[in-house]
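Chemist: In my numbering, the protein residues as written are 6 to 316.
(1) Check whether the region 90–98 and the region 284–299 touch, using three or more Cβ-Cβ pairs below 8 Å as the test.
(2) Report the residue from 114, 234, 110 and 256 whose alpha carbon sits nearest the alpha carbon of residue 213.
(3) Going by DSSP, what residues sit across from residue 97 in a beta bridge?
(4) Please report how far the alpha carbon of residue 312 lies from the alpha carbon of residue 34, in whole angstroms.
(5) Quick check: what's the CA-CA separation for residue 239 versus residue 73?
(6) With residue 68 and residue 152 assumed to form a contact (beta carbons below 8 Å), what rounded beta-carbon distance in angstroms separates them?
(7) Let me know the secondary structure DSSP gives residue 132 once reduced to three states.
(8) Using the beta-carbon count (16 or more within 10 Å), is residue 244 buried or exposed?
(9) Have a look at residue 192 and residue 296 and give me their C-alpha separation to the nearest angstrom.
(10) When DSSP labels each residue in this structure, what does residue 255 get in the three-state scheme?
(11) Could you give the residue range of the alpha helix (DSSP H) that holds residue 57?
(12) Would you decide whether residue 59 is buried or exposed? Buried here means 16 or more other CB atoms lie within 10 Å of its CB.
(13) So residue 144 is in the beta strand (DSSP E); what residue range does that whole segment cover?
(14) Residues in the same chain with beta-carbon distance under 6 Å from residue 140, minus the five sequence neighbours each way, listed in chain order, please.
(15) Looking only at C-alpha atoms, which of 112, 70, 89 and 300 sits nearest to residue 269?
(16) Which one of 66, 49, 279 and 83 has the shortest CA to CA distance from residue 121?
(17) Distance, Cα to Cα, residue 77 vs residue 177?
(18) Is residue 123 buried or exposed, if buried means 16 or more other CB atoms sit within 10 Å of its CB?
Here it is, written out as structure tokens:
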């Protein structure tokens, strides 16, 4: 009874802040605002929300990059505290995939500043992470192409490999708990109480690059107390879904946190495009400002543009 009463109260409170044409539903104790165009579409909202939480299409799109040939433009820039360019790497790479193996060639490359050490190692963790995620060294064969959620695991991973896996977990399954991140691991689990009470959930239909898409937005409530704001990591997550196939066609993230021993303020944007019967990331943008204990602050901007994809 108490849960029902709280839910009704939240609905009444939220109703004061939305238009008369909008509506609301309660799914798993979350109040979700439905914009007028969604209300008129008579869509099965509970099934849609469950599908969002279990989605693997986004992860699949990135996995597909390991099974095709493509060309990429890579732009990595490190900035100083005034926002001026400090170091950079611009390159054009080409991946070839055949007989179950992929290999990458650098067609063009320019660098500036201290992007790398004299020995050729990356001098910035941001650039090193980019290289680990998007550059292929040598020939890679026989990869696991599964997209099961259980595949994202920190088991037996250390150092850079562990951080890569944590980034993938946050990237592909935003809103689910990530172990091993001090102070914020539980706060990322925004689909469940108590964290879900700090966020607004909204479903709309909007055009994106010429096609109508379902748009699901999760954003931190604007009237949170100081204590409650300390529980928020995701300022917003906006996801666009193809109305016909229900695949993700774009996603934007805005997250920040200050845990004293480290802090970060990061924005990311990913666009997904079709290639015959599959989907691929075609544009990835990142802007980040972060500081870890005993490491220098890094302000980085990178863009990956993928084109000329062939199966």
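Every residue gets a Cβ at the ideal spot worked out from N, C-alpha and C, and that includes glycine. Remember, predicted model here, so these are calculated numbers, not experimental data.
Modeler: Taking the definition as stated:
(1) no
(2) 256
(3) 78 and 113
(4) 42 Å
(5) 33 Å
(6) 6 Å
(7) helix
(8) buried
(9) 19 Å
(10) strand
(11) 50–58
(12) exposed
(13) 144–146
(14) none
(15) 300
(16) 83
(17) 21 Å
(18) exposed
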